[in-house]
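Just below is one structure, and these are the notes that go with it.
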Amino acid sequence: MQRRLPPLNWLRAFEAAARHLSFTHAAEELGLTQAAISKQVKSLELHLKEQLFERKPRSLVLTQAGNAYLPKVREAFDRLAAGTVEVFGRRSGELLTIRVSVGFSTYWLASRLHRFYERHPDIPLRIVSSVWSEDWEDHVDFEVKYGTGRWSGYNVHLLCKESLFPVCSPKLLEGPNAIRDPEDLVNHSLLHVIGYEEGWANWLTAAGYSKLEVGRGQQYDTSVLVFEVAASGYGVALGRRSMAHPLLESGRLVKPFDIDIDGNEAFYLLETQDRAPHAHAEAFRDWILEEVSASDWSLTTKP
């Protein structure tokens, strides 16, 4: 018998929107745009030839058909999830694999991992760099990723709010070309990290110094390299709250001025939805979210 089933992504959009009674909140959960959720639900309604929601100015209301269909969809998802675990198990014998950017693993994760091992000595971890993206694509349980938080196919958890600010070696606060205010940046190289949506142009505009030539300087592919170049005294980097703290605390880098801007990008913990969860996934998720909550994000400014 041929089954006349709507596409799974339409059903996921409907279930999330019905649970939140909001296309916006459903989009945040599924890592999509509000327009994409709205379009998928509309496609489902056209497929079923029934309206599932009443669209009101500031809210959604399930129609009679939507109320009747929702428990059927939820039951189907629950049975599919249970069946996946039943057949494929929770992969307790495998290493729990976390893919992390080089900068985040160096400046945030590495100094805290010992606390995870102390709490969970029997849980083996495999930490891989995002540089090896394709090599580990089929084995990753969690990924710490930098961006706006919109990724489909994942459960997404915000790790910290981000802010951006210049950082440099203390040596650049002295001498004939000492940095005292943002206009002095014209005498120094600006160090850029490839891949971020937000960078020097955003900071200079927000600080009111957009006339400075933002394209000057060098580009690097990791924050680790940029921070090391800045610490050597060659150029000024754009620090990010999530990673700059240990370098500021050690004194290798300083903030030449107290002008921070809020960032739209941040680090997120991504948990894949397309494979059976690892037996120890919950333990790692709970631990890293607890560590983030307890983190001291205070920053050191110049003397």
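So for the sequence shown, the working numbering puts the first residue at 1118; every next one is plus one. All C-beta atoms in this analysis are idealised placements derived from N, C-alpha and C, irrespective of residue type, glycine included.
Close-in-space but distant-in-sequence residues of the same chain around D1377 (CB under 6 Å, 5 per side omitted): Sequence-distant Cβ neighbours of D1377 in its own chain, meaning closer than 6 Å and more than five residues away, are S1280, F1282.
Three-pair Cβ contact test at 8 Å for the region 1405-1414 versus the region 1294-1313: Counting Cβ pairs under 8 Å, fewer than three are found: no touch.
Spatial distance of A1152 from A1130 (CA atoms): If you draw a straight line from the Cα of A1152 to the Cα of A1130, it is about 11 Å long.
Backbone secondary structure at S1222 - three-state DSSP: Three-state result, S1222: helix.
N-terminal and C-terminal residue of the alpha helix (DSSP H) that E1407 is part of: Run containing E1407: 1398-1411, per the alpha helix (DSSP H) assignment.
Bounding residues of the alpha helix (DSSP H) (the contiguous stretch that carries Y1422): The chain is shown from 1118 up to 1420; residue 1422 falls before or after that span and cannot be answered.
Spatial neighbours of Q1157 in its chain, beta-carbon cut-off 7 Å, leaving aside the 5 residues before and after: Taken in chain order, the residues that qualify are N1126, W1127, A1130.
Environment of P1124 [buried if 16+ CB atoms lie within 10 Å]: Answer is exposed; the Cβ neighbour count stays below 16.
Bridge partner(s) assigned by DSSP for V1284: Answer is A1354.
Rounded straight-line distance, which links the Cα of G1270 to that of L1406: L1406 and G1270 have their C-alpha atoms spaced approximately 20 Å apart.
Among S1160, S1367, H1397, S1359, the one whose alpha carbon lies nearest that of T1262: In the sequence as displayed, the identity of residue 1262 is Lys instead of Thr. Comparing Cα positions, the closest option is S1359.
For V1273: DSSP bridge partner residues: As DSSP reads the structure, V1273 sits in a beta bridge with L1387.
Same chain, Cβ closer than 8 Å to R1402, neighbours up to 5 away in sequence not counted: F1259, H1274, L1386, E1388, listed in sequence order.
Assigned exposure category for Y1224 - 16 Cβ within 10 Å defines buried: Y1224 should be labelled buried.
Unbroken stretches of the alpha helix (DSSP H), 4 residues or longer, contained in the region 1118-1182: Secondary structure remark: continuous alpha helix (DSSP H) runs of at least 4 residues inside the region 1118-1182, in chain order: 1125-1137, 1140-1147, 1151-1165.
Chain-order list of residues whose beta-carbon lies under 7 Å from that of I1244 (same chain, five-residue window excluded): For I1244, where only same-chain residues beyond five positions count, the Cβ hits under 7 Å are I1215, V1217, S1222.
Beta-carbon gap between G1335 and H1305 smaller than 8 Å: Note that residue 1335 corresponds to Gln in the displayed sequence, not to Gly. Against a cut-off of 8 Å, the Cβ pair of H1305 and Q1335 comes out as no contact.
When E1167, Q1168, L1177 are compared against A1134, the one with the closest alpha-carbon: For A1134, the nearest C-alpha among the options comes from L1177.
H1231 burial status per 10 Å Cβ neighbour count (16 or more: buried): Exposed, by the Cβ-count rule.
Residues near R1369 by beta carbon distance below 7 Å, same chain, minus five either side: Setting aside the 5 residues that flank it on each side, R1369 is surrounded in the same chain by A1348, each with a C-beta closer than 7 Å to its C-beta; the list follows chain order.
S1246 (DSSP reduced to helix, strand or coil): Strand.
Residues bridged to L1213 (per DSSP): DSSP lists L1242 as the beta-bridge partner residues of L1213.
Cross-strand partners of I1378 (DSSP beta bridge): In the DSSP output, where bridge partners are listed per residue, I1378 has L1281.
Bridge partner(s) assigned by DSSP for L1308: Paired residues: Q1335, A1354.
Same chain only: Cβ atoms within 8 Å of L1147, ignoring 5 sequence neighbours per side: Only R1129, A1130, A1133, I1154, S1269 meet the Cβ criterion.
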